[in-house]
Amino acid sequence: MQRAAAYAAALSLIPTPVLAPMVRVLNRTLRRRHPGLVKEFGRLDPAVVYITLTDVPHRFKIAYGNGRMDVAVLTGTDPPPPDAAMRGSLATMIDLLEGRIDSDAMFFTRDLQVTGSTAVSVAVRNTLDREVIDLRDDIAAAFGPFERPVRRIGRRLDGIAGWARRQAIAFHRTLHAEDAPPRDLAAETDALRQEVTALTARLAKLDVRQQKRADRPAVGAA
Amino acid sequence: MILELVCPAGTPAALRAAIDAGADTVYCGFRDCTNARNYPGLNFDTAEMAEGVRYAHERGRKVLAAVNTFPRAGDPEPWHRAIDNARVAGVDAVILADIGVLDYAQRKHPDLRRHLSVQASASNELSINWFRDRFDIKRVVLPRVLSVEQVAALVRRTGLESEVFAFGSVGPMSEGRCFLSSYMTGLSPTSEGACAPASHVVYKEAGDQTLSQLGGVTLNRFGKGEPAAYPTPCKGRYVTHGRASYLFEEPVALNAIDILEELRDAGVTALKIEGRQRSRAYVQEVVGTFRKALDAMERGEAAVANQLAAVAEGGKETHGAYKKGWR
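Chains G and Y supply the protein sequences, listed in that same order. Using numbering that gives the first Met the number 0, you'd call the opening residue of the first sequence number 0 and step up by one each time. Using numbering that gives the first Met the number 0, you'd call the opening residue of the second sequence number 0 and step up by one each time.
In structure tokens:
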């Protein structure tokens with residue numbers, strides 16, 4: 000979730016003309032690193048699926064069939080409508096891609112919305128689920144000889160993203176500390192006093208009951 | 000007796016996930032209409048199934064092949080091929096429903112273990128014993144229509160291994176005999192292997208609601224934040240007397256995790272997790288949870304907390320017929 004938030008923030012900053020060639024490189028990397036995935040998409044009936052992210056100002060498409068699989072960024076000139084469309088947050092889509100969540104469960108809770116040909120959506124879902132994908136590994140691999148430094152940078156960015164998130168939460172709390180409702184110490188004291196009185200009375204009753212039981216002769220005693 | 004955990008796999012990745020999560024046995028099907036989860040992108044070819052069998056056997060687990068639909072008139076070849084391919088892949092047993100397919104399997108591969116699928120809808124000792132005596136089935140998968148007491152009675156009176164559903168979808172209690180969706184799709188759910196074929200399902204946005212349709216018939220409409228159901232006729236919401244309601248079945252999942260001891264004491268051999276059409280994340284979560292629960296039960300420890308509502312249809316769970324009073 001934290002990683003997805005960092006990705007979403009980064010993706011939002013990248014203009015489409017810059018992102019498009021990056022995704023083309025990633026597409027080539029996916030094809031190279033996941034030949035099984037390409038083979039599986041390639042044996043399906045040809046179709047185009049649009050993916051709309053609810054927290055990122057970019058849309059993507061997956062086109063497959065006839066032995067091919069291509070991922071691309073959608074531009075304003077791409078013709079609608081596709082065969083199917085999926086809509087969800089970047090975190091949901093990454094979790095789905097990496098097989099960490101169940102798409103039916105997402106559908107039941109409406110975190111994932113699907114329109115158009117259900118056969119196409121189901122085929123995409125099932126085909127992706129056949130392959131074990133780690134998007135961070137694939138993105139790092141897309142940098143070729145710079146893969147290892149990119150991995151290091153990625154890990155560092157994850158750490159920074161986590162740190163930044165914790166700082167943001169702390170800062171948010173500090174900012175809004177003054178907005179927190181003032182504690183009514185007098186009311187709290189009254190409530191505690193009442194609770195102590197009730198507990199004292201209950202304790203006294205238990206003492207009396209225990210005393211009576213001790214005074215009673217045992218059953219069968221002479 | 001230790002209960003065997005039988006788990007679903009729609010893909011080779013799900014098979015490995017199920018084994019790694021603690022499944023004793025995994026069941027799967029071929030990529031065609033010969034199994035009851037015939038969805039695009041799902042299932043195994045023969046090589047993939049053989050590879051899955053190898054993965055399971057190396058870890059001391061088993062693989063079952065479901066060939067549990069009913070052949071179309073004049074076209075038995077896909078079902079015969081599926082049985083032969085299951086044999087080639089080296090599976091530990093085949094799960095069958097149709098008497099013709101059972102007959103073929105028994106004659107062609109007599110040493111290939113046969114289980115009776117839930118699709119055969121055998122729910123009394125007369126029926127089960129006939130399948131046992133005629134086709135030498137070794138295990139019966141019991142329909143989700145029986146109470147725990149009835150399961151115990153059947154186990155005693157048939158002398159067969161029994162497999163019961165522990166988690167998954169709840170249908171209209173007429174397994175292998177339901178034709179509701181064929182009225183909307185023109186396709187037989189028992190021959191085509193899907194009661195809501197993806198090719199006939201459509202979701203439409205209508206204002207702030209989503210409509211689910213099967214074969215052009217609107218089955219349900221969901222508002223924002225409202226849990227959705229599978230687009231099957233039995234889970235449709237229909238309007239009668241001016242009120243929309245789930246007339247046949249609520250969108251709810253069967254979950255027997257807190258009656259495992261009762262099922263074990265009833266003499267059940269194996270617990271079946273439903274969901275070959277679900278993802279490997281579902282498989283990991285449900286199988287892992289049941290593995291922990293079974294291990295805890297065997298050690299005599301306290302029950303494992305049930306945290307499966309998130310993957311349950313409609314976000315709700317039921318004991319189904321195991322605890323129902325109606326008969």
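Just so you know, even glycine gets a beta-carbon here, dropped at the ideal spot from N, CA and C.
Asked	Found
So what does DSSP say about Asn125 of chain G, is it helix, strand or coil?	helix
Would you say Val218 of chain G faces chain Y, with C-beta separation under 8 Å as the test?	Low confidence applies to Val218 of chain G: its pLDDT is 47, below 50, so where it sits in the model is not reliable enough to give any reading.
Alpha carbon to alpha carbon, what distance is there between Glu204 of chain Y and Ala243 of chain Y?	19 Å
Below 8 Å between beta carbons: does that hold for Leu95 of chain Y and Ala88 of chain Y?	no
Return no unless some Cβ of chain G is closer than 8 Å to the Cβ of Ala12 of chain Y.	yes
For the alpha helix (DSSP H) containing Asn84 of chain Y, list its first residue and its last residue.	76 to 88
What residues from chain Y crowd round Leu43 of chain G, counting only those whose CB sits closer than 9 Å?	Pro39, Gly40
Nearest-angstrom Cα distance between Leu115 of chain Y and Glu160 of chain Y?	10 Å
In the DSSP assignment, find the beta strand (DSSP E) that holds Gln333 of chain Y and state where it starts and stops.	An answer regarding residue 333 of chain Y cannot be provided, because it is not within the stretch 0 to 326 covered by chain Y.
Nearest CA to the CA of Val320 of chain Y: which residue from Y:Asn67, Y:Glu148, Y:Phe29?	At residue 320 of chain Y the sequence reads Ala, which differs from the Val that was named. For Ala320 of chain Y, the nearest C-alpha among the options comes from Y:Glu148.
Please look up how many angstroms separate the CB atoms of Val163 of chain Y and Leu262 of chain Y, rounded, as I've assumed it's under 8 Å.	6 Å
Just by C-beta distance, which residues in the stretch 120 to 144 of chain G are closer than 9 Å to chain Y?	Ser120, Val121, Ala122, Val123, Arg124, Asn125, Thr126, Leu127, Asp128, Arg129, Glu130, Val131
Starting from the C-beta of Arg220 of chain Y, find all residues in its chain whose C-beta is less than 6 Å away, skip the five residues before and the five after it, and write them out in chain order.	Gln208, Leu210
Interface residues of chain G around Lys234 of chain Y at Cβ under 7 Å?	Going along chain G, no residue has its Cβ under 7 Å from Lys234 of chain Y, so there is no contact; the nearest lies around 11 Å.
Would you say Ser187 of chain Y faces chain G, with C-beta separation under 8 Å as the test?	no
Residues of the stretch 277 to 288 of chain Y with a CB closer than 8 Å to any CB of chain G: list them in chain order, please.	Arg277, Ser278, Arg279, Ala280, Tyr281, Glu284
Helix, strand or coil for Ala228 of chain Y? Go by DSSP, reduced to three states.	coil
Under 8 Å, do Met85 of chain G and Leu36 of chain G count as touching if we go by C-beta distance?	no
Just the Cα atoms here: how many angstroms apart are Pro80 of chain G and Ile50 of chain G?	12 Å
Using a C-beta to C-beta distance shorter than 7 Å, which residues of chain Y count as neighbours of Val113 of chain G?	Tyr202
Got a sec, what are the start and stop residues for the alpha helix (DSSP H) Met183 of chain Y sits in?	181 to 184
Counting Cβ pairs closer than 8 Å, one from the stretch 55 to 63 of chain G and one from the stretch 43 to 62 of chain Y, do we hit at least three?	no
Counting contacts by CB-CB distance shorter than 8 Å, is Ile50 of chain G in contact with chain Y?	no
Three or more beta-carbon pairs under 8 Å between the stretch 296 to 307 of chain Y and the stretch 248 to 263 of chain Y, yes or no?	yes
Going by DSSP, what residue range makes up the beta strand (DSSP E) through Val328 of chain Y?	For chain Y, the structure presents residues 0 to 326; residue 328 of chain Y sits outside this window and is missing.
For Ser187 of chain Y and Asp97 of chain Y, I'd like the C-alpha separation in whole angstroms.	14 Å
Determine whether the beta carbon atoms of Pro230 of chain Y and Leu179 of chain Y lie at a separation below 8 Å.	no
Answer yes or no: does any C-beta atom of chain Y fall closer than 8 Å to that of Ala118 of chain G?	yes
Shorter than 8 Å from the beta carbon of Gly9 of chain Y to some beta carbon of chain G?	yes
Specify whether the stretch 96 to 106 of chain G and the stretch 23 to 38 of chain G touch according to this definition: at least 3 beta carbon pairs, one from each stretch, less than 8 Å apart.	no
Span of the alpha helix (DSSP H) holding Glu248 of chain Y?	Counting along the chain, Glu248 of chain Y falls outside any alpha helix (DSSP H), and DSSP gives it neither H nor E.
If you measure from the beta carbon of Val330 of chain Y to each beta carbon in chain G, is any gap under 8 Å?	Residue 330 of chain Y cannot be examined here, being either before or after the span of chain Y that is shown, 0 to 326.
Where does Phe164 of chain Y sit, in a helix, a strand or coil, going by DSSP?	strand
Residue range of the beta strand (DSSP E) that Pro20 of chain G falls in?	Taken as a continuous stretch (DSSP letters only), Pro20 of chain G belongs to no beta strand (DSSP E), being part of the alpha helix (DSSP H) at 15 to 32.
Mind checking which residues open and close the alpha helix (DSSP H) that includes Tyr321 of chain Y?	Premise fails: Tyr321 of chain Y is in no alpha helix (DSSP H) and is neither H nor E.
Please list the terminal residues of the continuous alpha helix (DSSP H) segment that includes Gly287 of chain Y.	279 to 297
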